Amino acid sequence: TYQPEIVLCNAIKDRHIDHGKGSQLVSDACFLSGLLKIDTKFDEDDDTWQDPWRPKQVYHYIQWQPIEPDFVVDVSEFMDKKLDAVMAYKTQFYDPKSKAPETPISSKNFTESITYRAKDLGRLVGVAYGEGFTVERYPVVNSLFDIK
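Per this note's numbering, residue -19 is the first one in the sequence shown, and the count goes up by one each step.
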């Protein structure tokens, strides 16, 4: 049984319509998963019913659009891994040897924009690289001293 406290998903609104629709689907599923009057099973062959569970937060990452983040996470330590993960879909991105027509995300500028957006968000919060997120509900902190 998986019961996440936090769910990360697509931007609420983005250039590609499936990103926004996917985001809404995740948000709706997170809400519905906590309703007491909806019965679900993890596996139809199993007679065990799932307990209602709702994540405490759904955070949306920023993709194409220049969205103002609600908070920024220091990702300096993981920036190389982030780029490797994004570039795992290498057929969609910049390849100087490709004969395919250029798309908005297959340009060299787009690949570089991932890094310069992270650098800019990092600059705003005083770290090397930052990742911005938007929220559906305000997160709660126990103390002002927990905020850096």
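Glycine residues also receive a C-beta, built at the ideal position from the N, C-alpha and C atoms.
Being a predicted model, the structure only gives us computed values, none of them experimental.
(request) Give the DSSP-derived three-state secondary structure of Thr114 in the structure shown. (result) strand
(message) When you compare the CB positions of Val121 and Gln37, do they come within less than 8 Å of one another, or not?
(response) no
(message) Just verifying my parser: in three-state terms, what is the DSSP assignment at Ile(-14)?
(response) strand
(request) Please confirm if the stretch -3 to 10 is in contact with the stretch 70 to 90, defined as three or more CB-CB distances below 8 Å between the two stretches. (result) no
(request) Would you kindly report the start and end of the unbroken beta strand (DSSP E) that includes Tyr96? (result) It is not in any beta strand (DSSP E) - Tyr96 instead sits in the alpha helix (DSSP H) that spans 88 to 105.
(message) To the nearest angstrom, how far is the alpha carbon of Glu24 from that of Glu48?
(response) 42 Å
(message) Shorter than 7 Å, the distance from the beta carbon of Ile42 to the closest heavy atom of the ligand MG, or not?
(response) In the structure on display, the ligand MG does not appear, and there are no ligands present to speak of.
(message) Taking the alpha carbon of Asp8 as the reference point, which residue from Trp33, Lys70, Leu104 has its own alpha carbon closest?
(response) Trp33
(message) Taking the alpha carbon of Leu101 as the reference point, which residue from Val55, Met67, Asp27, Lys70 has its own alpha carbon closest?
(response) Val55
(request) Starting from the Cα of Trp44, find the closest Cα among Thr95, Pro35, Lys79, Ala108 and give me that residue. (result) Thr95
(message) Using C-beta distances below 6 Å, list every residue in its chain close to Pro(-16), excluding the 5 sequence neighbours before and after it, in chain order.
(response) Pro35
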